[in-house]
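Chains as they are written, first to last, in this note's numbering: chain A, 11 to 302; chain B, 11 to 302.
Glycine residues also receive a C-beta, built at the ideal position from the N, C-alpha and C atoms.
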DNA sequence: CGGGTATATGTAGCCTAACTACATCAACTC
DNA sequence: GAGTTGATGTAGTTAGGCTACATATACCCG
């Protein structure tokens, strides 16, 4: 998508497939993002125990113009995660560094998503959503269930008939009641949640359009008609909730925004009505978030 | 918090208070982040119509070591927003640039939050949460209600007695049933949602500990005992859902992580049990997100 | 098995860009 | 109105990135 953003993933892709000496550089860089950003060509060459031109060649292999360009892109690439990850080394626990870890995880997941999502995948989903007679979002297990509800919450504001269901039995029942023109949108971090998978199969049988937001190579990914697939980086930090939910919300927001922009007049009117309905509850009227 | 992150705000702070020629440089930089990152000292000097040393002095005024250091920091500072904002200029609508807008909004909100949240605020909240006999999260209006449920979902995993309530009447009732040692955690984007505010007042009366996550200078902020306050940047993009929900989720994740780390053994055991309970539903067992 | 070619890597030198020291100029003070 | 301080530019130095070329290694084909 964006050249600058691909650097690290390209680095990871090429890792192992490079010339011997360039590989040394790659390994060194992968383990020392942070310092490489501030190092000179000579320093990197010395640290990786190769000659300077080898480092330059390595940069060019990655598609950069030279070492300078490489450093700039690397800086931009790791800027965010770097900040957070470096801080997390400091064993100064407490809440503030933990916030950094959480945000760092979100950034990492968001960047990963950004690299994988291709426009077509989302555009097809948008096409199906805007044309839907009714929209049913399903998810299970807290995280995905929450995303499903939030999705319904997003889309009803646009004047669409949207509901979320997080009861496994009810999901199957709702799926069975769908027909052509209806959309079933399944959300699952694992892509294996049994009730969700079955519901998609059922909806397929009855001719509904099935979308999903999940991992590649999962059962759900194979069954849905218009899958949105994102492989998110594993998170080692077992005490920290995964960032996948957040990325899923971002995707939902993206889809909702696209649909809203395709029908601006209707959307504007709905938002006006919703805002008016709330003015009574708290006096505020400005351009605030609608709905608290 | 982190030096690198302050560059642009420092620039904005100093804007107008600089020497005549350095001001020229500042103005130029503020309007050309994007190209400055790739420009040389000479190019910036020429573009701002000043001499090269003036540019260097300008960099030092901002607290950088020199032009190189300045450029690096600027690159890191604007890396994210730049990527996203630049893309949004391109009128190539479609879903991919919209994803960039959504992520850009999240980044902007997250950075804003990061600058405002001080450790003490969070640490006090963590202290109250870990000691709670029971935890009740309340929120209204879709977004905040979702965050409340997700919070309960996060904390029950740690072995705490956590519930979420998004029914305004029920919120008051729950609040009235609380006592000393219990925690009421109110979540509100506006800080004015009537039922939520009242519930906090009621809980205060009965001696429960009241926390909140909301805007500064709001009614809720004034009433809660341990407020977590974040002023989030207004979002002009009316069709795009606000990023405030996401930041609120990040704060909740942070609190949950801190509490989890304060009681590691108990948490580990709960997570093991929860994982085991799900193994039956989908065969996966690895270090995946727990609960789909 | 050996010569030739292609690819990988290093050496030495060049050139640009960042920085420094110094000079000049303007403004403000007493 | 002269002195002093601070702002700005000029010229020169240095270091770091890059190129051209040389050497070494591996691979292929007869």
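Among the options, which one has its Cα closest to the Cα of residue i?
i	options	result
residue 266 (chain A)	A:249, A:257, A:144 and A:140	A:140
residue 133 (chain B)	A:107, A:116, A:149 and A:137	A:107
residue 122 (chain B)	B:148, B:147, B:154 and B:87	B:87
residue 21 (chain A)	A:74, A:226 and A:172	A:74
residue 191 (chain A)	A:174, A:79, A:183 and A:170	A:170
residue 166 (chain B)	B:42, B:180, B:277 and B:54	B:277
residue 236 (chain B)	B:69, B:111, B:138 and B:200	B:138
residue 203 (chain A)	A:110, A:151, A:233 and A:70	A:151
residue 257 (chain A)	B:113, B:60, B:29 and B:224	B:113
residue 172 (chain B)	B:148, B:178 and B:154	B:148
residue 228 (chain A)	A:253, A:250 and A:198	A:198
residue 249 (chain B)	A:196, A:168 and A:53	A:168
residue 66 (chain B)	B:76, B:60, B:57 and B:131	B:76
residue 260 (chain B)	A:178, A:269 and A:252	A:252
residue 285 (chain A)	A:269, A:264, A:302 and A:68	A:302
residue 182 (chain A)	A:215, A:242, A:104 and A:59	A:215
residue 211 (chain A)	A:189, A:226 and A:185	A:185
residue 176 (chain B)	B:270, B:233, B:159 and B:85	B:159
residue 221 (chain B)	B:161, B:282 and B:71	B:161
residue 105 (chain B)	A:281, A:264 and A:279	A:264
Give the interface partners of residue i over in chain B, defined as CB-CB distance under 7 Å, in chain order.
i	result
residue 250 (chain A)	263 and 267
residue 159 (chain A)	156
residue 259 (chain A)	256
Residue i touches chain A at which residues, Cβ-Cβ below 8 Å?
i	result
residue 164 (chain B)	251
residue 175 (chain B)	Going along chain A, no residue has its Cβ under 8 Å from residue 175 (chain B), so there is no contact; the nearest lies around 14 Å.
Could you give the DSSP three-state label for residue i: helix, strand or coil?
i	result
residue 47 (chain A)	coil
residue 237 (chain B)	strand
residue 35 (chain A)	helix
residue 172 (chain A)	strand
residue 98 (chain B)	With a pLDDT of 44 at residue 98 (chain B), under the threshold of 50, the modelled position of this residue cannot be trusted; read the value that follows with caution. In the structure shown, residue 98 (chain B) sits in a helix (DSSP, three-state: H, G or I).
residue 268 (chain A)	helix
residue 148 (chain A)	strand
residue 26 (chain A)	coil
residue 248 (chain A)	coil
residue 60 (chain A)	coil
residue 141 (chain B)	coil
residue 193 (chain A)	strand
residue 69 (chain A)	helix
residue 221 (chain A)	strand
residue 104 (chain A)	coil
residue 203 (chain A)	coil
residue 228 (chain B)	coil
Which chain A residues sit within Cβ distance under 9 Å of residue i?
i	result
residue 82 (chain B)	47, 48, 81, 82 and 85
residue 32 (chain B)	Here the premise fails: no neighbours, minimum Cβ distance about 24 Å.
Show which residues of chain B have a CB atom less than 8 Å away from the CB atom of residue i.
i	result
residue 124 (chain A)	109, 110 and 113
residue 142 (chain A)	By Cβ distance, chain B contributes nothing, its closest Cβ being about 16 Å from residue 142 (chain A), past 8 Å.
residue 129 (chain A)	104, 105 and 106
residue 146 (chain A)	What residue 146 (chain A) touches in chain B: nothing, since even the nearest Cβ is about 17 Å away.
Could you tell me how far apart the beta carbons of residue i and residue j are, in whole angstroms, since I believe they sit closer than 8 Å?
i	j	result
residue 272 (chain A)	residue 195 (chain A)	Actually they are not in contact, since the Cβ atoms of residue 272 (chain A) and residue 195 (chain A) sit about 17 Å apart, beyond 8 Å.
residue 231 (chain B)	residue 224 (chain B)	6 Å
residue 9 (chain B)	residue 47 (chain B)	Here chain B comprises residues numbered 11 to 302, so residue 9 (chain B) is not present and cannot be evaluated.
residue 238 (chain B)	residue 135 (chain B)	6 Å
residue 109 (chain B)	residue 255 (chain A)	Incorrect: roughly 16 Å between the Cβ atoms, too far for contact.
residue 17 (chain A)	residue 111 (chain A)	Not quite, the Cβ-Cβ distance comes to about 23 Å (not below 8 Å), so this is no contact.
For a contact defined as C-beta to C-beta under 7 Å, what are the partners of residue i on chain A?
i	result
residue 311 (chain B)	Nothing in the structure corresponds to residue 311 (chain B), since chain B is present only between 11 and 302.
Could you name the residues of chain B that residue i contacts, counting a contact when the two beta carbons are closer than 9 Å?
i	result
residue 132 (chain A)	104, 105, 106, 108 and 109
residue 120 (chain A)	113, 116 and 117
residue 76 (chain A)	In chain order: nothing, as chain B lies at least about 12 Å away.
### Message
Which residues of the region 179-199 of chain B have a Cβ closer than 8 Å to any Cβ of chain A? Give them in chain order.
### Response
Taking a C-beta cut-off of 8 Å against chain A, the contacting residues of the region 179-199 of chain B are 198 and 199, listed in chain order.
### Query
At a Cβ cut of 9 Å, what residues of the region 270-284 of chain B count as close to chain A, listed as they run along the chain?
Within the region 270-284 of chain B, the residues whose Cβ lies closer than 9 Å to some Cβ of chain A are 270, 271, 274, 277, 278 and 281, listed in chain order.
#### Entry: Near-chain A residues of the region 208-220 of chain B (beta-carbon distance less than 9 Å), N- to C-terminal order
Correct list: empty, as no residue qualifies.
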